[in-house]
Amino acid sequence: MSNDNASPILPTPQNSKQIMWQTPAAKIIEQKPIIYKSDVMVQLMKMIERVAASNANILVLGESGTGKELIAHAVHERSQRKSRPFVAINCGALRETLLESELFGHEKGSFTGAYQKKIGLAEAASGGTLFLDEIGELSPAIQAKLLRFIQEGEVYRVGGKDPVKVDIRLICATNRDLEKEVQLGNFREDLYYRINTIVASVPPLRRRKEDIPALVNHFLAAHSHTYVSRGRQMDEEAMKLMVGYDWPGNIRELQNVCERLQILSEGHVIMLNDLPDNVRSPEKKDETAEYDPTITLGELEKRYILKALGHFDGNKTQAANALGITIKTLYNKLHEYGEFEKFAVHQKPVK
Ligand SMILES: Nc1ncnc2c1ncn2[C@@H]1O[C@H](COP(=O)(O)OP(=O)(O)OP(=O)(O)O)[C@@H](O)[C@H]1O
Ligand SMILES: [Mg+2]
């Protein structure tokens, strides 16, 4: 298989880190440092150390932006497979047919446009780790194929008749409640039990606030070369507010705020007044609000979705992620509310 002239360069220990895949859904990433101080994260990282050495399949659960991909990569880096590729695929980013051929490859002429034979990412990850992000988004047809792949340890390229042996460690992640999806009939139970040998739950940032100052300092230091010496530190009062805020978008939101603070800050130290409004005076949470018999569930959902869009400056991808719905569902909802045009173009407010 490695002499397929139409396949991407197969990762080897030497080149695995350099390979760029010709698809937005898959990438090979460098391990970034994992910053933490909290007990829950200490425990989680201990668990990661223990399970990394095994070949067990791991399911990483957690809200959007909590660091699931980082954890998956950490498992790989601590395993015996670390010199082999870590291939990450976002299952929610591609439509079904494209995902299947990306994952399993295809034979020449197997569908319109398949001019050449191509090996899939599962095959390319052989010897290493395959990370399936947003596993909850897989269609039933792909779920069935994935199950067969996990059980048999071999792939069938689209349009191919002969199976190809593949040796991978599988790590999956989702921000959905997969157990519920199984009960609802959206996710195969047999597949669920195959992928969840070990479950690693990454807690939301609001449950590990001890991590916030360390993360802030880390992110402010990380970009300091870009904006020469501006906004490298945070004033104590400002830090208190950062710790007090609930971070619904978790670490990704915190990282964005830190980056923005650095660009906008005038001096060396970031002060209270520099912080974004939502961090300085967070809105009261709806979940604590009293029951209001005049509001229907549908109306509440609409308000919440529009609030999420406002929170992420109209960025639909981030809003959908934080809401735990697919971008397609978000579009459908916006059409339903007659608000689609308003959010058709992603605009950031001018500061
Ligand atoms: N403990 C941490 N220390 C440093 N950076 C972190 C940490 N956790 C997450 N990050 C950073 O936050 C960002 C989001 O992390 P990641 O992509 O792993 O989250 P995720 O849970 O996979 O999100 P999503 O559900 O949206 O895919 C990344 O840039 C990541 O490097
Ligand atoms: Mg992710």
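Take this note's numbering: the final residue in the sequence shown is number 352, and no numbers are missing along the way. We put the beta carbon where it would ideally sit given N, CA and C, even for glycine.
Measuring only from the beta carbon, is residue i closer than 7 Å to any heavy atom that is part of ligand 1?
i	result
Arg253	yes
Gln256	yes
Asp134	yes
Gly129	no
Ser202	no
Ser39	no
Gly66	yes
Leu216	yes
Asn316	no
Lys33	yes
Gly63	yes
Ile36	yes
Beta-carbon separation of residue i and residue j under 8 Å?
i	j	result
Val88	Ile172	no
Ala345	Leu331	no
Leu216	Tyr193	no
Ser140	Gly121	no
Ala115	Arg79	no
Ile49	Ala75	yes
Ile271	Leu206	no
Arg177	Gly325	yes
Pro283	Asp247	yes
Phe220	Gln256	yes
Lys83	His77	yes
Gly250	Gln184	no
Is DSSP giving residue i helix, strand or coil here?
i	result
Ile35	coil
Phe132	strand
Arg85	coil
Lys118	coil
Gln23	Note on Gln23: pLDDT 36, under 50, position unreliable in the model; no value is reported.
Met243	helix
Ile296	coil
His269	coil
Gly106	strand
Tyr338	helix
Ile213	helix
Under 7 Å from any heavy atom of ligand 2, does the C-beta of residue i make it?
i	result
Ala323	no
Glu70	yes
Ala320	no
Ala174	yes
Say the cut is 7 Å; is the CB of residue i nearer than that to a heavy atom of ligand 3?
i	result
His219	Ligand 3 is absent from the structure shown, which contains only ligand 1 and ligand 2.
Rounded to whole angstroms, how far is the Cβ of residue i from the Cβ of residue j, which I believe are closer than 8 Å?
i	j	result
Phe188	Gln144	7 Å
Met42	Asp212	6 Å
Ile196	Ile136	7 Å
Arg158	Gly110	Not quite, the Cβ-Cβ distance comes to about 12 Å (not below 8 Å), so this is no contact.
Continuous alpha helix (DSSP H) assignments of at least 4 residues falling wholly in the region 137–211: 141–153, 179–184, 190–196
Inside the region 41–96 only - alpha helix (DSSP H) runs reaching at least 4 residues: The qualifying runs are 69–78.
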